[in-house]
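*Asks:* Encoded as structure tokens, here's the structure I'll be asking about.
Numbering (my numbering), first residue to last: 474 to 976.
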């Protein structure tokens with residue numbers, strides 16, 4: 474951390490004077506003001522998850538051994554937001570195969586349902602027990618197993634809060650892991666939501682938990698050397714002007730940690746017109762060469778250290794280097810996120826603008842999808858009218874979000890990725906690529922509740938292909954289109970410009 478930086482020093486000393494770290498680990502619900510006390514009272518279990526985590530880990534290992542003895546070695550995780558983004562990072566870091574299904578695109582769903590069912594077990598993760606995408610996936614997998622003459626009770630595992638609708642599946646004979654109800658979804662990577670699917674997939678979670686535990690002891694101290702407080706001060710010092718965080722992982726550690734940080738920080742801070750929007754980019758991304766004035770760059774280092782460090786560049790530069798093991802990174806970012814909430818006076822444990830999009834999506838299911846112009850991207854050339862339309866709405870202090878409701882394994886998705894790069898080079902602003910409906914449970918809160926500086930380009934695959942959702946009159950394709958339309962309507966109602974193109 475550079476010296477002589479008055480805003481940085483002031484924020485760091487404020488956090489120490491407020492005894493933020495020690496009060497956080499004592500689960501002091503008053504840290505975020507009276508408006509947040511009710512949520513904080515049921516959302517601080519993540520600071521001390523380790524005793525429960527060890528028990529869950531051992532139970533999951535026993536189940537994994539039984540499944541493998543039956544020839545089951547393919548694990549599919551159905552979950553949205555924190556229920557899937559955290560496990561995805563752990564699995565990648567461990568080098569084990571964990572298939573994530575967090576899409577409602579009918580082709581993507583169908584592919585997962587028809588692949589190697591004889592050796593497949595499915596983890597259904599939903600804290601509330603009512604997540605529409607996850608319940609739809611569960612119904613589809615149950616039917617697929619039954620059609621293959623496989624008893625779904627032997628292949629479907631549920632992770633949910635006690636007393637949720639999904640918890641009742643235990644009465645039908647299903648294996649249900651009860652998660653800690655005092656840990657919110659985006660802070661849940663070290664709970665049953667992060668542990669069960671990754672252990673079943675073959676990951677050794679012990680080093681992650683051990684490093685997180687060790688880091689927690691240092692992160693709980695009210696000192697200026699506390700890396701969580703230092704990172705929070707680095708992130709908050711430029712607000713409200715510097716509200717974009719460009720997150721780049723080291724080339725040797727491409728684990729998808731940026732996607733996890735996106736959902737944690739954006740959903741926790743992006744409300745009341747405030748907050749920080751992380752954008753996960755490749756380490757060679759155009760934006761990193763000359764970062765916009767309203768962006769901070771965070772890079773993860775190649776070195777593996779048990780205790781986290783957050784080191785800034787010299788004064789005037791907007792770059793932070795994070796050096797830590799994976800478990801330490803998880804605790805570091807969770808503490809820093811909570812501390813940013815304290816500094817900018819927001820409740821980091823609610824998501825007030827997410828429900829509006831869900832309601833709008835349900836309403837849109839009853840209507841025909843709206844027509845949209847087809848995206849023109851021939852010979853790797855940008856469509857001039859599209860660029861003009863974006864530039865009409867975009868300010869130099871703004872950002873562009875591509876919301877892609879497409880099949881991520883289709884070649885068209887690669888064109889969308891190249892589109893992000895081309896638009897970043899052309900517009901000279903940060904460009905975020907979000908896959909729908911995944912982002913609705915992640916950065917979608919910031920899009921609607923954060924600073925009104927974004928322009929949104931929705932790309933929707935209006936495919937005629939459909940895959941049924943058992944027990945519903947609608948299929949996955951109809952659900953996907955309704956989710957896009959619902960989010961579009963809420964964004965528009967809140968003054969956020971939305972441009973739509975179809976495939």
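Glycine included, C-beta positions come from ideal geometry on N, C-alpha and C.
1) Exposed or buried, what is residue 636 when buried is set at 16 or more other beta-carbons lying within 10 Å of its beta-carbon?
2) Would DSSP call residue 788 helix, strand or coil?
3) Whole angstroms are fine: how far does the CA of residue 506 sit from the CA of residue 923?
4) Below 8 Å, can you find three or more Cβ-Cβ pairs linking the stretch 723-734 to the stretch 645-658?
5) Give every residue of the same chain whose Cβ lies closer than 6 Å to the Cβ of residue 796, excluding the five residues on either side of it in the sequence, and list them in chain order.
6) Just the C-alpha distance for residue 752 and residue 644, rounded to the nearest angstrom, thanks.
7) On the DSSP bridge assignment, give the partners of residue 629 in chain order.
8) Let me know the secondary structure DSSP gives residue 588 once reduced to three states.
9) Compare the Cα-Cα distances from residue 715 to each of 937, 872, 939, 615 and report the closest residue.
10) Output yes or no for whether 8 Å exceeds the beta carbon distance between residue 523 and residue 686.
11) Does the distance from the CB of residue 681 to the CB of residue 799 come in under 8 Å?
12) Around the C-beta of residue 771, are 16 or more other C-beta atoms found within 10 angstroms, so that it is buried, or is it exposed?
13) Starting from the C-beta of residue 586, find all residues in its chain whose C-beta is less than 7 Å away, skip the five residues before and the five after it, and write them out in chain order.
14) So, for residue 789: in the same chain, excluding its five sequence neighbours on each side, which residues have a beta-carbon less than 6 Å away from its beta-carbon?
15) Count the other CB atoms, across all protein chains shown, that sit within 10 Å of the CB of residue 477; report buried if there are 16 or more and exposed otherwise.
16) Mind reading off the beta-carbon distance from residue 949 to residue 578? Whole number of angstroms is fine, and I expect it under 8 Å.
17) Could you check the C-alpha separation between residue 474 and residue 717 for me, to the nearest Å?
18) With 16 other CB atoms within 10 Å as the buried threshold, where does residue 832 fall?
19) Hey, would you say residue 596 sits closer than 8 Å to residue 729, going by beta carbons?
20) Would you call the CB atoms of residue 959 and residue 837 closer than 8 Å?
21) To which residues of the same chain is residue 971 closer than 7 Å at the C-beta, ignoring the five residues directly before and after it?
22) If contacts are defined as beta-carbon pairs under 8 Å, then residue 705 and residue 488 qualify, I think. What distance do you get, rounded to the angstrom?
23) Count the other CB atoms within 10 Å of the CB of residue 858; is the residue buried (16 or more) or exposed (fewer)?
24) Under 8 Å, do residue 862 and residue 793 count as touching if we go by C-beta distance?
25) Could you give the DSSP three-state label for residue 974: helix, strand or coil?
26) For the stretch 739-755 and the stretch 903-921, state whether three or more C-beta atom pairs, one from each stretch, are separated by less than 8 Å.
*Replies:* Result, derived from the coordinates:
1) exposed
2) With a pLDDT of 41 at residue 788, under the threshold of 50, the predicted position of this residue should be treated as unreliable, and no value is reported.
3) 19 Å
4) no
5) 774, 776, 778, 782
6) 42 Å
7) 595
8) coil
9) 872
10) yes
11) yes
12) buried
13) 613, 614, 617
14) In this predicted model, residue 789 has a pLDDT of only 47, less than 50, meaning its place in the structure is not dependable; the value taken from the coordinates is given anyway. So no residue of the chain qualifies.
15) The predicted position of residue 477 is uncertain, since its pLDDT is 49 and thus under 50; a value taken from the coordinates is nonetheless stated next. Residue 477 should be labelled exposed.
16) 7 Å
17) Caution applies to residue 474, whose pLDDT of 42 falls short of 50 and renders its modelled position unreliable; the value that the coordinates give is listed next. Approximately 19 Å, taken between the alpha carbons.
18) exposed
19) no
20) yes
21) 929, 931, 961, 964, 965
22) 7 Å
23) exposed
24) no
25) strand
26) yes
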